[in-house]
Each structure stands twice: as structure tokens, then as C-alpha cells.
Amino acid sequence: MSDADEWDVDRYEESHGFVHEYGADLLDLLDPVPGERVLDLGCGTGHLTARIGERGAEAVGVDADQAMLAEARASYPSVEFREADGQSFSVGEPFDAVFSNAALHWMPDQDGVADSVRGALRPGGRFVAELGGHGNVDRVREALREEAAAAGADATDPWHFPRLGEHASLLEGHGFEVRFARLFDRPTALDGAEGLREWLRTFAGSFVTGLDEDGRAAVLDRVAERLRSDLYDSRNDEWTLGYRRLRFLAVRE
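Heads up, this note's numbering is the position in the sequence shown plus 611, with the first residue counted as 1.
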């Protein structure tokens with residue numbers, strides 16, 4: 612992750628609570644039971660890790676970002692959190708399930724993810740996850756690419772938003788049986804006139820790498836202004852982004 616794309620934990624917690632709120636019903640697909648060991652991959656600030664534990668499972672959160680982990684440990688001192696790269700990690704005792712919400716699309720090495728998750732699961736263990744799917748925030752990505760290029764930024768698109776069939780095939784190729792997979796639209800509201808700018812500052816830093824602070828801010832401002840007429844509802848004072856999600860349950864064979 613570049614310096615321009617490091618997580619601002621305070622901004623993330625204040626403005627983007629929808630990330631874990633939308634993930635809450637994914638817990639029903641996971642359906643953890645007392646006594647199970649569950650690994651939360653890309654746990655962020657730990658809210659869903661803690662909720663898994665509230666259902667009686669032994670939950671362990673894993674994330675690569677130290678600032679996120681510090682916040683998680685401060686908020687949930689009784690929960691175990693580990694620092695690890697989701698694309699290359701190993702565990703000692705295998706888990707009954709691996710869970711991941713809104714994290715996998717940040718990991719370009721999906722083969723590494725699948726191998727690591729398989730290695731972390733017992734035979735018959737389940738992998739339950741949701742990530743951005745094909746077409747996710749397409750309007751925003753297009754505007755970011757074009758405005759970053761016009762500004763001469765060293766832009767990197769950090770996201771991997773796969774097609775359903777593409778991701779199912781990848782999982783099957785790494786020894787999983789896909790039991791459930793769904794690609795669906797989830798329009799997502801961002802509150803306030805500054806909602807999109809806050810989203811861009813939090814998630815899109817790698818598009819403006821190589822620019823100074825003023826240059827980065829100018830690109831993100833131009834993206835927001837470019838999209839305002841289509842995505843901002845002044846009556847309700849909110850933006851709506853075209854989120855598309857890919858949700859799946861796969862079992863280690």
C-alpha cells in the first residue's frame with residue numbers, strides 16, 4: 612500500500628460504518644456455532660470479529676494494517692488479533708471456517724489468498740466471504756482513472772472485482788467446492804455533500820500517488836464534481852454509489 616493509500620482509521624470509523632454494518636447479514640451465511648474456531652480475514656477494526664465471538668465461536672481476526680489492528684485491540688481486548696498478509700499466511704491449528712467481508716478485493720494475488728485460506732481450514736471447513744464484484748463502483752473508477760491520468764499521477768487501481776464465474780473457477784482450482792455464489796447490486800448511500808470526497812480520501816489514495824498533497828486533493832475534488840450531477844441527491848443530501856457485491860460459501864474438499 613502506498614503512502615497515499617494508508618488507512619486513516621478515524622475517518623474509516625467515522626464515515627464508513629456501513630462496511631461492517633452491511634457485513635452483518637453475511638454472518639447468517641457463516642452461521643457460526645459455539646465451539647467453532649473462525650478466522651476473520653481482513654478484519655479491519657474488528658467489529659465483525661467480535662460479533663462472531665458473541666455467537667459463541669472462538670474468533671481470531673487477521674489484518675495486514677497495524678493501525679486497524681491497534682484500533683481493533685483497543686476496542687475488543689478479549690479478542691485475539693494477528694498481523695498477517697491475507698495473500699500469504701499460515702496458521703498452526705486449522706480453523707473450522709474462514710470469514711471475510713469487504714477485504715478480498717484489496718488483495719491482487721487471489722491465488723495466494725485461496726492457497727492460504729485452504730491451508731488454514733480443516734477438511735470440510737468453509738470459506739464464507741463477500742467482496743466487490745464485477746462492475747462495482749464502475750463510474751467512480753472510470754472518473755478516477757481519467758482525472759488521475761490528466762494530472763500525471765502514478766495511478767494504481769488497487770481493486771480486484773471479479774466476475775462470479777471467474778471467482779468460482781479460481782476457488783475450485785484451489786480445492787474448494789462452491790456451494791453458494793451470488794453477484795448482486797447494493798446501491799450504497801454516502802451522507803452529506805462531502806460524502807463522496809470522504810469515500811475517495813479513504814479508499815482511492817493509490818490513484819493519486821506521485822502528486823503532492825494539493826495535487827491529490829485537486830484530483831479527488833474533480834472526480835467528485837464530475838459525478839455530482841448523476842450521483843448526488845441534493846434533496847436527501849446523499850450520494851449513491853453503484854456497489855455490486857459477490858458473496859459465496861465454499862467448502863474445502
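Think of the CB as a built atom: it goes at the ideal place given N, C-alpha and C, for glycine as much as any other residue.
Taking the beta strand (DSSP E) that residue i belongs to, which residues open and close that run?
i	result
S711	F706 to N712
D651	R648 to L652
R863	R855 to R863
G657	That residue, G657, is in no beta strand (DSSP E); it is neither H nor E in DSSP.
A779	Element bounds for A779: not the beta strand (DSSP E) but the alpha helix (DSSP H), L775 to G784.
D796	F787 to D796
D802	T799 to D802
W850	E849 to L852
Helix, strand or coil for residue i? Go by DSSP, reduced to three states.
i	result
R666	coil
D568	Residue 568 is absent from the structure shown; the chain starts at 612 and stops at 864.
L822	coil
S840	helix
W717	helix
S699	strand
A678	helix
V673	strand
D832	helix
R684	helix
R846	coil
Ends of the alpha helix (DSSP H) at residue i?
i	result
W810	G806 to F814
V751	D749 to A762
R737	From DSSP, R737 is part of no alpha helix (DSSP H) but of the beta strand (DSSP E) over L732 to G743.
D639	L637 to L641
Are there any heavy atoms of the ligand FMN lying less than 7 Å away from the beta-carbon of residue i, as far as the coordinates show?
i	result
P773	This structure does not include the ligand FMN; it has no bound ligands of any sort.
With a cut-off of 8 Å on the beta carbons, I'd call residue i and residue j a contact; round off their distance for me.
i	j	result
G634	A713	6 Å
A861	R733	Not quite, the Cβ-Cβ distance comes to about 14 Å (not below 8 Å), so this is no contact.
V709	M718	With 8 Å as the limit, V709 and M718 do not qualify as a contact, their Cβ atoms being about 13 Å apart.
H716	L794	With 8 Å as the limit, H716 and L794 do not qualify as a contact, their Cβ atoms being about 13 Å apart.
F706	L652	About 10 Å separates the two Cβ atoms, so there is no contact after all.
So is residue i in contact with chain B if we call contact Cβ pairs under 8 Å?
i	result
G784	The structure shown has no chain B; it contains just one protein chain.
Quiz item: Below 8 Å, can you find three or more Cβ-Cβ pairs linking the region 749-763 to the region 696-716?
Solution: no
Quiz item: Are at least three pairs of beta-carbons, each pair with one atom in the region 832-844 and one in the region 808-815, less than 8 Å apart?
Solution: yes
Quiz item: Are at least three pairs of beta-carbons, each pair with one atom in the region 675-682 and one in the region 646-657, less than 8 Å apart?
Solution: yes
Exercise. Answer yes if the region 776-790 comes into contact with the region 718-733, meaning at least three C-beta pairs across the two stretches below 8 Å, and no otherwise.
Key: yes
Practice problem: Evaluate contact between the region 835-845 and the region 764-773, counting only Cβ atoms and requiring at least three cross-stretch pairs below 8 Å. | Solution: no
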